[in-house]
Amino acid sequence: MMQPELLMLDEPSMGLAPLLVNEVFDLIGEIKGEGIPILLVEQNARKALQIADYAYVLDRGTIVREGPAAQLRQDPQILASYLG
């Protein structure tokens, strides 16, 4: 199989039990580790920001924050609103 130029994932954890969510994100991490770029849309902000290099945080369709995921994980507003 050829290596994809981009993997797009839309809400891969929606409706899954927590154990399966962890497995899905482990697999996403493996794919990322292979150097495959990933575009991830995910409602689980904590998991998304743990795996992302760069992130956009949306509220009602509007970008309210963007930047390196490591910085967003420390942002007081993000912590209070999405990671509380």
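Throughout the sequence shown, residue numbering follows the working numbering, covering 304 to 387 in sequence.
Think of the CB as a built atom: it goes at the ideal place given N, C-alpha and C, for glycine as much as any other residue.
As assigned by DSSP and simplified to three states, the class of residue i
i	result
D329	helix
G338	coil
A320	coil
A351	helix
L361	strand
P371	strand
Cβ-Cβ separation, residue j to residue i (assumed contact under 8 Å), whole Å
i	j	result
I354	L310	Contact flag wrong, Cβ pair sits at about 12 Å.
Sequence-distant residues of the same chain with beta carbon closer than 8 Å to residue i, five excluded per side
i	result
E308	P340
V360	A348, I366, V367, R368, E369, L375, I381, Y385
M317	Q346
C-alpha distance - residue i paired with residue j, whole-angstrom precision
i	j	result
Q374	I334	23 Å
R368	G336	26 Å
K350	R363	20 Å
L352	P371	9 Å
L322	L330	13 Å
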